[in-house]
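Data block below; observations after.
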Amino acid sequence: MNRATVWGWGDDFEAARTNSEKYVSKRWKEKTKECAIGITAIERLEGTSFYIAAFTSDPKKVGDLADRLLDVALGLKGDIKVDFVTIVLSEDMISEKELYRDSLRYVEEEYKRCEKALVAKVREDPKMKAKVQGRKIVVIPEVCITCELDSDYANKVIVDATDTNFTRLKNFIHSVNERLIKEELAKGIVGFKLTEDVEKLKIEDIDVEGDKIYMWFV
Amino acid sequence: MGGGSAVRQCERRFHQGKSIHEDNSGSDVRCKKEVPGTNNVFGKYVIRKTKKGEYELLKGGESIGWFSVAVVKNDRVLFPLSQGMLLEVSEGVCREILTPEKAELCGLIASDGGMYSTKAHPHHEVHFISIDRELVDRYNELFKKIYGIEPHLHSYKKRGGSYFELRTYDRGVYFDLWDLGTKPGAFQFRVPLKHLDEEGLRRYLSGFFSGDGYITKDGKQYRIGLQSTCKDGLEELRKAFQFLRFHPHEIHFWEKEKPRWRDQYHFSIPVNEHMRFINEVSTYRPDHLKRLREIERQYKRRKNRD
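For the protein sequence lines, the chains are A and B, in the order given.
Counted the way this note's numbering counts, the first sequence spans residues 1 to 218.
Counted the way this note's numbering counts, the second sequence spans residues 1 to 306.
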């Protein structure tokens, strides 16, 4: 698997296309089956970290995809900083392993289950007992939603975003998807997946206000 | 070999070059009072006022430099140097530190700026990119004050997004920032901790936060944090907060299993230190400022209630 960063914040915007094309012309071998073009970015007011990736088996499309994905990211609402455009060349069809097929309703239910599990975890924690007694626990966990989109132009498009506010996260994913579909980089949504690990999530910060206790989990 | 340049360098740094006079003409809010006596001892260092009214810095009886201005601040003396630097002399320590303005400029460059001097960009480029006009104006103001150069402003649209970009192509500026380790490599930054006093640390953090900081709102609750793809730099930012007696949370990694992603790191400031953050660090970004004011209002409301 060959990987390269073809663009970074501060580079000329046109360099995403030209550098991708240069890289592919040198590194695409007969054995290469697929290329993943990834955008690593953040919406900086809310701190929503996100990734967009498109997969293609056509080396001629790589430069165009890098350029258009960068445009999609930069055109999103808010203060977007694209950190990198990355290219991965693979001898396998890596997109075939990228399956995120849950419904949005299921993801919402999963999130609610995660919230409840975290509240229970806090209540059961002997160190937290005195602090939470008589108070309503509000958990704010950092979670990730991944979305799979099908595409006529690419093999597949994946959007992945992380935030502590579930509603904002859903809206953000929705705005990225909308833009991808409008720009004809994607055709429609295949499904979603919520990534959270109640066991791994740890309390980062606590704020007590009246009868409520707010807890951030990362 | 190199004698001429060494003399020039020495004059520029210690013997009041052109930029020093520019520095002196401005209002240096940090200066409390001038050295009153003719001889002041700071550990190994002695500061002597000459007949011409200059200040001579001596170590072990040997002269290190002459300065037209010397300012005492608590237990240290500061001598203005060129290009936004100060010579700080305190008990047994003599070091070059950044002025608060230069510290802020370095913070801005570390977050949203960049430095190029490669085969593809051989012109010692220093740039800064932002969507906020206010931030660009601030960068411009600091840059002009420190280096006496006005960066070229470019504004352009990239399908939906509007950007302002400031660029300079000056070898001297490039190497001055390079020597401080502002941007040691592609997509990296370092905090010049050795060259920052407390005020410098605050202003550096303010500059960085204006670029790569975030203030999320979860219901009525806020979370203030900093993010970067450069973990080493972020660790130094955390240290800078610790030097200022903040208690930043651990660095957290937005963990991704897939190899196509580049890593992103972040850490946040505890809720009970938000007011200190507002008072000591703050930001120049309008959308950030709006949120910080909301946090301030919320804090006052709570305080009144309690």
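Every residue, glycine too, gets a C-beta built ideally from N, C-alpha and C.
Check: Opposing strand residues paired with A/R3 [DSSP bridges]; Outcome: A/V88
Check: Same chain only: Cβ atoms within 7 Å of B/Y299, ignoring 5 sequence neighbours per side; Outcome: M275
Check: Coarse secondary structure for B/K73, derived from DSSP in three states; Outcome: strand
Check: Of the residues B/R223, B/G233 and B/S228, the one placed nearest B/E294, counting alpha carbons only; Outcome: B/R223
Check: Supposed close pair A/L89, A/C35 - CB separation, criterion 8 Å; Outcome: 5 Å
Check: Closest residue to B/D287 among B/L98, B/K303, B/R167 and B/K217 (Cα-Cα distance); Outcome: B/K217
Check: Unbroken stretches of the beta strand (DSSP E), 3 residues or longer, contained in the region 251-298 of chain B; Outcome: 265-269
Check: Outcome for B/V93 when other beta-carbon atoms lying within 10 angstroms are tallied against a minimum of 16; Outcome: exposed
Check: Range covered by the beta strand (DSSP E) that runs through B/S162; Outcome: G161 to Y169
Check: Contacting residues, own chain, Cβ-Cβ under 6 Å from A/F13 (five flanking each side not counted); Outcome: none
Check: 8 Å Cβ cutoff, B/H252 in contact with chain A; Outcome: yes
Check: Alpha-carbon spacing of B/P248 relative to B/V191, whole angstroms; Outcome: 16 Å
Check: From B/T50, B/W66 and B/V72, residue whose alpha carbon lies closest to that of B/F42; Outcome: B/V72
Check: Residue closest to A/A4, alpha-carbon to alpha-carbon, out of A/G10, A/R113 and A/R27; Outcome: A/R27
Check: Alpha carbon of B/K145 to alpha carbon of A/K22, nearest angstrom; Outcome: 41 Å
Check: For A/V62, three-class secondary structure by DSSP; Outcome: helix
Check: Under 8 Å between C-beta atoms of B/I131 and B/G107; Outcome: no
Check: Residue from A/P141, A/G188 and A/L118 with nearest C-alpha to A/D150; Outcome: A/G188
Check: Beta-carbon contacts of A/T146 that lie in its chain and below 6 Å, excluding the five residues immediately before and after; Outcome: Y100, D160 and K193
Check: Spatial neighbours of B/G84 in its chain, beta-carbon cut-off 7 Å, leaving aside the 5 residues before and after; Outcome: L98, T99, E101, K102 and I146
Check: Residues bridged to A/A53 [DSSP beta-bridge criterion]; Outcome: A/G38 and A/I158
Check: Near-chain B residues of the region 38-70 of chain A (beta-carbon distance less than 7 Å), N- to C-terminal order; Outcome: G38, T40, I42, R44, L45, E46, G47, S49, Y51 and A53
Check: For A/V208, three-class secondary structure by DSSP; Outcome: strand
Check: Sequence-distant residues of its chain with Cβ nearer than 6 Å to B/E280 (five each side left out); Outcome: R202
Check: For A/Y214 and A/Q133, the rounded distance between their alpha carbons; Outcome: 13 Å
Check: Closer than 8 Å to chain A by CB, B/Y214; Outcome: yes
Check: C-beta contact flag for A/D92 and B/V271 at 8 Å; Outcome: no
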